[in-house]
């Protein structure tokens, strides 16, 4: 939409092609880009390409040549008021107010909560918000800024110190507004610096398609300060810090970013990570010698506290074996894993990642985050992986596959510009490369991968898509 807006403002006619269930998303993004009445046409989801083009070609030409109406000529960037939503009345009246819903028509056809994630919330009274703000030295009216220079998702650049534009509607927010959402989520004042650090990520949720899941992982001394769960059930409900901090992300996405299901948030199924939010912690004490914590991986000091924020496609994947199967492999070299790795009868440790590699990129290419229990990290270190970086390099090299196979994936149709772009390693056009040319299914470089150590004692792991970005918590104390 930013490119469409640029063309329209330059006097070049455009017509956006969307799907019928994305109309509200098109309208909202057109508003924030200063072309509130942009023309659009519907493409069919199931009609084959040539027939689809034939179907909307004539309407497209008509829409491109028809003179603009007075309404369509109207411009201006949408800047809605962002009042302090602090209800005055009885507690019962406030609960009714904050838990009101609005009906969203097609493609949802169901009610959605206006201010909450659908769960009951703690009412953000003036007194409670004031108490929450004792958790930071920053002033309530301070605008949340970007922590560093970034390249925006739509091609725009943001500079360090610029106001964070919460997604998808590009709104700004203050420290107080983050505090209000933290109160609603049930946070304690000492959790507020974590919520403020998360806010610097802009709390994106993904707009259309896919099943993006948002989750955060805390690293550093603050894990023990807040008594966060980095052990068994660390992704489960129960721990006050984990649960309420994770929930704050989703409330900020709704109230600060305007991410409303059926309007500006069109994830096909949604993601269970987003139900109440998901936050867990790294077990720094369980890191093998030579392995860095997430804080150091992202360039911070060992005694600094950070939060890694992830907004990635897909669901949580399991390790692919029962705990007993892993123990049989490592103790005595027995079981199906040992047979696949051809180490039957040989005691461990063995590289269990070898067992996973054939399926790790089976359905989707790109980097992976592996959440592994302490014993598994110890085994990798004993096998010679002196650092996480060495694991990342090994995983990435294992992801290489022939171009003939890589072409059978759906994602590269987009990332290679329909195979009309240049392959960066060879410098050649994609179509010039032979079928046996090796390309990585695991992303552009090894360091898109991520390892997090935590969880219980049963030897399983979890696989997630992508890797996040870390933000300083200490900067918000």
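In this note's numbering, the protein residues as written are 1183 to 1659. For glycine and all other residues, C-beta sits at the position ideal for the given N, C-alpha and C.
Boundaries (first-last residue) of the beta strand (DSSP E) holding residue i
i, result
"residue 1401", "1395-1401"
"residue 1583", "1582-1584"
"residue 1293", "1292-1295"
"residue 1462", "1461-1463"
"residue 1647", "1643-1647"
"residue 1627", "That residue, residue 1627, is in no beta strand (DSSP E); it is neither H nor E in DSSP."
"residue 1236", "Where residue 1236 is concerned, there is no enclosing beta strand (DSSP E), although the alpha helix (DSSP H) it sits in stretches over 1231-1247."
"residue 1354", "Per DSSP, residue 1354 belongs to no beta strand (DSSP E) and is neither H nor E."
Where the alpha helix (DSSP H) containing residue i begins and where it ends
i, result
"residue 1618", "Note, residue 1618: premise wrong, no alpha helix (DSSP H); not H, not E."
"residue 1550", "Segment 1550-1554 is the beta strand (DSSP E) holding residue 1550; no alpha helix (DSSP H) there."
"residue 1490", "Element bounds for residue 1490: not the alpha helix (DSSP H) but the beta strand (DSSP E), 1488-1494."
"residue 1284", "Unbroken run through residue 1284 is the beta strand (DSSP E), 1283-1286; no alpha helix (DSSP H)."
"residue 1278", "1273-1280"
"residue 1314", "1308-1314"
"residue 1376", "1374-1381"
"residue 1430", "1422-1437"
"residue 1539", "1535-1542"
"residue 1514", "1505-1514"
"residue 1206", "1205-1214"
"residue 1595", "1594-1597"
"residue 1522", "1518-1523"
"residue 1404", "1404-1407"
"residue 1639", "Neither: residue 1639 is in no alpha helix (DSSP H) and is coded neither H nor E."
For residue j and residue i, believed in contact at Cβ under 8 angstroms, the rounded distance
i, j, result
"residue 1581", "residue 1622", "5 angstroms"
"residue 1703", "residue 1367", "Residue coverage of the chain in this structure runs from 1183 to 1659, which leaves residue 1703 outside it and unanswerable."
"residue 1392", "residue 1495", "5 angstroms"
"residue 1242", "residue 1311", "Wrong, their Cβ atoms sit about 51 angstroms apart, outside the cutoff."
"residue 1201", "residue 1227", "6 angstroms"
"residue 1534", "residue 1438", "Actually they are not in contact, since the Cβ atoms of residue 1534 and residue 1438 sit about 41 angstroms apart, beyond 8 angstroms."
"residue 1636", "residue 1553", "6 angstroms"
"residue 1181", "residue 1376", "Residue 1181 lies beyond the stretch modelled for the chain, which goes from 1183 to 1659, so this question has no answer here."
"residue 1459", "residue 1555", "Not a contact, Cβ separation roughly 23 angstroms."
Identity of the residue in the options nearest residue i by Cα
i, options, result
"residue 1516", "1293, 1529 and 1220", "1529"
"residue 1466", "1477, 1456 and 1627", "1477"
"residue 1257", "1349, 1188 and 1596", "1188"
"residue 1531", "1557, 1596, 1303 and 1628", "1557"
"residue 1650", "1485, 1364, 1609 and 1380", "1380"
"residue 1413", "1364, 1659, 1463 and 1426", "1463"
"residue 1370", "1584, 1318 and 1552", "1318"
"residue 1664", "1626, 1587 and 1615", "Lying before the first or after the last residue shown, residue 1664 is absent from the chain, which here runs from 1183 to 1659."
"residue 1350", "1637, 1330, 1191 and 1440", "1440"
"residue 1436", "1339, 1373, 1295 and 1575", "1295"
"residue 1449", "1493, 1635, 1572 and 1333", "1493"
"residue 1481", "1604, 1633, 1554 and 1654", "1654"
"residue 1357", "1273, 1614 and 1324", "1324"
"residue 1372", "1455, 1423 and 1214", "1423"
"residue 1608", "1597, 1410, 1600 and 1620", "1620"
"residue 1405", "1587, 1361 and 1461", "1461"
"residue 1362", "1314, 1599 and 1597", "1314"
"residue 1276", "1245, 1303, 1287 and 1291", "1303"
"residue 1292", "1283, 1229 and 1299", "1283"
"residue 1634", "1570, 1221, 1584 and 1385", "1570"
"residue 1457", "1395, 1255, 1247 and 1475", "1395"
"residue 1454", "1503, 1585 and 1646", "1646"
"residue 1632", "1218, 1255, 1573 and 1330", "1573"
Identified DSSP bridge partners for residue i
i, result
"residue 1339", "1333"
"residue 1345", "1327"
"residue 1474", "Paired residues: none, contrary to the question."
"residue 1634", "1553"
"residue 1652", "1490"
"residue 1194", "For residue 1194, which the question treats as bridged, DSSP gives no partner whatsoever."
"residue 1200", "1224"
"residue 1604", "1611"
"residue 1447", "1443"
"residue 1415", "Residue 1415 pairs with nothing; no bridge assigned."
Any C-beta of chain B under 8 angstroms from that of residue i
i, result
"residue 1243", "Included in the structure is just one protein chain, with no chain B present."
Proximity test, residue i beta-carbon vs the ligand HEM heavy atom, cut-off 7 angstroms
i, result
"residue 1373", "Looking at this structure, you won't find the ligand HEM or any other ligand, since it has none at all."
*Any contact of the segment 1508-1524 with the segment 1544-1551, i.e. 3+ C-beta pairs under 8 angstroms?*
Three or more beta-carbon pairs separated by less than 8 angstroms are not found between the segment 1508-1524 and the segment 1544-1551, which leaves the two stretches without contact.
*With contact counted as at least three CB pairs below 8 angstroms, one residue from each stretch, are the segment 1445-1465 and the segment 1202-1214 in contact?*
The segment 1445-1465 makes contact with the segment 1202-1214: 3 or more CB pairs, one atom from each, lie closer than 8 angstroms.
_Validate contact between the segment 1392-1409 and the segment 1340-1353 using beta carbons, cut 8 angstroms, 3 pairs_ = Contact between the segment 1392-1409 and the segment 1340-1353 is absent, because fewer than three Cβ pairs lie under 8 angstroms.
*Is it true that the segment 1520-1527 meets the segment 1407-1421, where meeting means three or more beta-carbon pairs spaced less than 8 angstroms apart?*
Counting C-beta pairs with one atom in each stretch, the segment 1520-1527 and the segment 1407-1421 have fewer than three that are closer than 8 angstroms, which means they do not touch.
*asked:* Under 8 angstroms, with one C-beta from each stretch per pair, do the segment 1641-1649 and the segment 1463-1471 reach the 3-pair mark?
replied: No, the segment 1641-1649 is not in contact with the segment 1463-1471.
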